[in-house]
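Following the numbering used here, the numbering of the sequence shown begins with 1416 at its first residue and continues without gaps. Let me begin by presenting the structure, written as structure tokens, before commenting on it.
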Amino acid sequence: MLRGAGLALAVVAFALAGPARADEPPQPRNEAAAPAGQKGGRGGSAQNATQASPSASDRRLPGDSTTRQTLDLPGRTLRFAATAGSIRVFDEKGEPLADIAVTSYELDGADRATRPVTFLFNGGPGASSAWLQFGAVGPWRLPLDGEGLSPSASPEVKPNAETWLDFTDLVFIDPVGTGYSRVIASGEDARKRFYSVDGDVNSIALVIRRWLEKHDRLTSPKYVTGESYGGIRGPKVVRQLQIQHGVGVKGLILVSPLLDFREFSGSSLLQYVATLPSYVAVAREARGPVKRADLADVEAYARGEFLADLVKGEADKEATNRLADKVAELTGIDQAVSRRLAGRFDVSEFRREFDRKNGMVTGRYDGSVRGLDPYPDSSGSRFGDPSGDALQAPLTSAAVDVLTRKLNWRPDGSYEVLNGAVEHNWNFGGGINPPQSLSELRQILATDAKLNVLVAHGLFDLATPYFGTKRVLDQLPAFATSRVKFVVYPGGHMFYSRDGSRQALRGEVEALIRE
């Protein structure tokens, strides 16, 4: 998940105090069982991001819990070991820094030396892996379809017929500050090690290597999956594994990724090129089903005449009116509004204007979802996201219920499904260059000629529009294009909430892993 109404970046830099490492602790852990976890939701806001905290020993997560599970699915039964627990990360002096929560599912009876294993994380920064685990990939799924979007919806999970467990073991990682993962060292310096682009990548790569060592899986075929901001994490983690940890990765799967923040910087004209096809997809979907092939004319216009008129600038009245009128025609938004905005709709403006006449706002994570505007007469935008906000409560409850009741792992404290304090305190890097992972994507594809990449998007995703990613991928060198597959499905940021899109994604991933 990418948080926030915009993609503005923090630019306050700090130096990491040194590398972290993931090892067995110097002394055995001796911890009593903790009470059942509490539900968390969005969690710590900017206002309570820094609080007095207990001692390091009090903050540590309980020992791992492994249970035997049986999953009855149409035409098959899966038997597997489910382990909920954590991996401790240490600093260069051997002092504990953080406990990073990990949930793994390993199929019974498989040859561990040849059985694939896939490591998965979401984005944010500040999102737990619950979105992928309980929305698409894990053995149990929480229905997230548009008609069922409600904070009071049942959090009961169901057996997931589209789980990937048939063809790969699964390891879900919650970065520090998400899920139950937490800093256990005292002081803000420890937290800063993890709340940054590089520190985050370092810790996740360490956890992957340590899990492989701990579970005797270094010879297994390895895959990495990242969603949303996971598009920044994913290529960087794979590169770190290749170069720093001696761990090769056979495949990278990116779900609704953001690969380059520069696409959405305030002055970039490319942000309008990236979003226009998704705006039109939303407009056309309101009249009936839409596929990417139906948008070929819009994609051609966006990268051609539309971009040419944008570059001419608002000083060219003829070009500006021409593009504004065309945008109004394509989206159905009033021509006067489009001219007032010079045809340059940022995501918040489009969401407000698309169905404003009916007092509705459009979803950011899924533009095909609309909800009531709580302040329809306000001159400013004072609305949330009807396609995302309603998921917080049921998804949090589902995650806590599975971890504590099904998997018998009971940390204390709150479960953070989407933690605002993480994003608020995140260091995106200093200087004039926002984060991007295209450089690492080039490097990992060049370094390993056997590595393949799958990139999947939703048509109606206004948080990470598919056409922005397509334009970025088009810049890859020729040697890489045959190993990067780009697919677009009906749906939004969590397009896998739609049955057909989830089934199609599973098929693509299975083909990638089995090839």
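Don't be surprised by glycine CBs; every beta carbon is placed ideally from N, CA and C.
Beta-carbon proximity check, W1778 vs P1809, cutoff 7 Å: As a working mapping, residue 1778 is identified with position 363 in the sequence shown. As a working mapping, residue 1809 is identified with position 394 in the sequence shown. Here residue 1778 is Gly; the residue named in the question, Trp, does not match the sequence. Contact: no.
Per DSSP, the bridge partner or partners of K1900: As a working mapping, residue 1900 is identified with position 485 in the sequence shown. BP columns for K1900 point to L1869.
As assigned by DSSP and simplified to three states, the class of L1557: Reading the sequence shown from its first residue, position 142 is the one you call residue 1557. Of the three classes helix, strand and coil, the one that applies to L1557 here is coil, per DSSP.
Simplified DSSP assignment, three categories, for I1859: Here the question's residue 1859 lines up with position 444 in the sequence shown. In the structure shown, I1859 sits in a helix (DSSP, three-state: H, G or I).
Short Cβ contact (7 Å threshold) for L1869 with L1927: Here the question's residue 1869 lines up with position 454 in the sequence shown. Here the question's residue 1927 lines up with position 512 in the sequence shown. Cβ atoms of L1869 and L1927: closer than 7 Å.
Residue closest to A1730, alpha-carbon to alpha-carbon, out of A1757, Q1750 and S1916: Along the sequence shown, read from residue 1 onward, the residue named residue 1730 stands at position 315. The option with the nearest alpha carbon to A1730 is A1757.
A1696, enclosing alpha helix (DSSP H) - first and last residue: If you number the sequence shown from 1, residue 1696 lands on position 281. Its alpha helix (DSSP H) spans residues L1685 to E1700.
Local conformation of R1475 per DSSP, three classes: As a first step, residue 1475 must be located in the sequence shown, where it is residue number 60. Note: R1475 maps to coil in three-state DSSP.
Simplified DSSP assignment, three categories, for T1777: Residue 1777 sits at position 362 when you count from the first residue of the sequence shown. Three-state result, T1777: strand.
Proximity winner among G1539, A1600, S1596 and V1532, relative to D1827 (alpha-carbon distances): In the sequence shown, the residue the question calls residue 1827 occupies position 412. Ranking the options by Cα distance to D1827, first place goes to S1596.
Residue environment, I1668, which counts as buried when at least 16 other CB atoms sit within 10 Å: Position 253 of the sequence shown, counted from the start, is the residue given in the question as residue 1668. Note on I1668: 16 or more other CB atoms within 10 angstroms of its CB, so buried under the neighbour-count rule.
K1732, buried or exposed, once every other Cβ within 10 Å from all chains shown has been counted against 16: Counted from its first residue, the sequence shown places residue 1732 at position 317. With fewer than 16 neighbouring CB atoms inside 10 Å of its own CB, K1732 falls in the exposed class.
CA nearest to the CA of V1670, picked from V1697, Y1904 and I1619: The sequence position of residue 1670 within the sequence shown is 255, counting from 1. Considering only alpha carbons, the answer is Y1904.
Whole-Å CB distance - R1886 paired with F1582, under 8 Å assumed: Taking the sequence shown and counting its residues from 1, the one referred to as residue 1886 is at position 471. Taking the sequence shown and counting its residues from 1, the one referred to as residue 1582 is at position 167. Going by Cβ atoms, the distance from R1886 to F1582 rounds to 32 Å, so no, they are not a contact pair.
Counterpart residues of Q1807 in DSSP-defined beta bridges: Your numbering for residue 1807 matches position 392 in the sequence shown. Paired residues: none, contrary to the question.
Given P1489 as reference, the closest of K1573, V1517 and G1541 once Cα atoms are compared: By one-based count along the sequence shown, residue 1489 stands at place 74. That would be K1573, whose Cα lies nearest to the Cα of P1489.
CB contact below 7 Å: G1490 versus chain C: Although the question refers to chain C, the structure presented lacks it and comprises just one protein chain.
Selected residue, minimal CA-CA separation from P1850, among L1656, V1612, L1710 and D1740: On the sequence shown, residue 1850 is found 435 positions in, with the first residue counted as 1. Of L1656, V1612, L1710 and D1740, the residue nearest in Cα terms is V1612.
Three-way DSSP call (helix, strand, coil) for A1717 in this model: Residue numbering aside, residue 1717 sits at position 302 when the sequence shown is read from its first letter. A1717 falls in the helix class under three-state DSSP.
DSSP state of Y1830 mapped onto helix, strand, coil: For the purposes of this step, residue 1830 is taken as residue 415 along the sequence shown, with counting starting at 1. Looking at Y1830 - three-state DSSP - the assignment turns out to be strand.
Alpha-carbon to alpha-carbon, G1550 and N1575: Taking the sequence shown and counting its residues from 1, one reaches residue 1575 at position 160. Taking the sequence shown and counting its residues from 1, one reaches residue 1550 at position 135. Going by the C-alpha atoms only, they are around 9 Å apart.
DSSP state of S1854 mapped onto helix, strand, coil: Against the sequence shown, residue 1854 aligns to sequence position 439. Helix, per DSSP.
Whole-number beta carbon distance between P1880 and T1690, since they are thought to touch under 8 Å: Stepping through the sequence shown from its first residue, residue 1690 is reached at position 275. Stepping through the sequence shown from its first residue, residue 1880 is reached at position 465. That pair is a contact at about 5 Å.
Beta-carbon proximity list for D1781, same chain, < 6 Å, skipping 5 on both sides: Position 366 of the sequence shown, counted from the first residue, corresponds to residue 1781. Closer than 6 Å at Cβ, skipping near neighbours: S1802, F1875 and G1907.
Distance between G1478 and S1682 (C-alpha atoms, nearest Å): What you label residue 1682 is simply residue 267 of the sequence shown in a count that begins at 1. What you label residue 1478 is simply residue 63 of the sequence shown in a count that begins at 1. Those two C-alpha atoms are separated by around 49 Å.
Contacting residues, own chain, Cβ-Cβ under 8 Å from W1626 (five flanking each side not counted): To locate residue 1626, count along the sequence shown from 1; it is residue 211. Take W1626, set aside five residues on each side of it, and the residues of its chain with a beta-carbon closer than 8 Å to its own are I1502, V1517, S1519, F1534, V1586 and R1632, in chain order.
Straight-line gap, P1554 to G1922 (C-alpha atoms, nearest Å): Along the sequence shown, read from residue 1 onward, the residue named residue 1554 stands at position 139. Along the sequence shown, read from residue 1 onward, the residue named residue 1922 stands at position 507. One C-alpha to the other measures close to 16 Å.
Coil, strand or helix - Y1911 by DSSP: To locate residue 1911, count along the sequence shown from 1; it is residue 496. Residue state, collapsed to three classes: helix.
Inter-stretch contact (C-beta, 8 Å, three-pair minimum) for the region 1741 to 1756 and the region 1837 to 1845: Output reads no: the region 1837 to 1845 does not touch the region 1741 to 1756.
CB contact flag (L1920, A1871, <7 Å): In the sequence shown, the residue the question calls residue 1920 occupies position 505. In the sequence shown, the residue the question calls residue 1871 occupies position 456. Contact flag set, yes.
Option nearest E1678 by Cα separation, candidates L1559, T1884 and F1901: Your numbering for residue 1678 matches position 263 in the sequence shown. Of the listed residues, the one whose Cα sits closest to E1678 is T1884.
Nearest-angstrom Cα separation, counted from Y1638 out to E1521: As a position in the sequence shown, residue 1521 is number 106, starting the count at 1. As a position in the sequence shown, residue 1638 is number 223, starting the count at 1. Cα-Cα distance, rounded: 14 Å.
Short Cβ contact (7 Å threshold) for E1577 with Q1918: Position 162 of the sequence shown, counting from 1, holds the residue named residue 1577. Position 503 of the sequence shown, counting from 1, holds the residue named residue 1918. Yes, they are a contact pair.
Assumed close pair P1636, P1531 - CB separation to whole angstroms, cut-off 8 Å: Taking the sequence shown and counting its residues from 1, the one referred to as residue 1636 is at position 221. Taking the sequence shown and counting its residues from 1, the one referred to as residue 1531 is at position 116. The beta-carbon distance between P1636 and P1531, rounded to whole angstroms, is 4 Å. This is short enough to meet the 8 Å contact definition.
Buried or exposed (CB count within 10 angstroms, at least 16 for buried), L1787: Residue 1787 sits at position 372 when you count from the first residue of the sequence shown. Here L1787 is exposed, its C-beta having fewer than 16 other C-beta atoms within 10 Å.
Cα-Cα separation, A1895 to D1526: Along the sequence shown, read from residue 1 onward, the residue named residue 1895 stands at position 480. Along the sequence shown, read from residue 1 onward, the residue named residue 1526 stands at position 111. Each residue's alpha carbon lies about 32 Å from the other.
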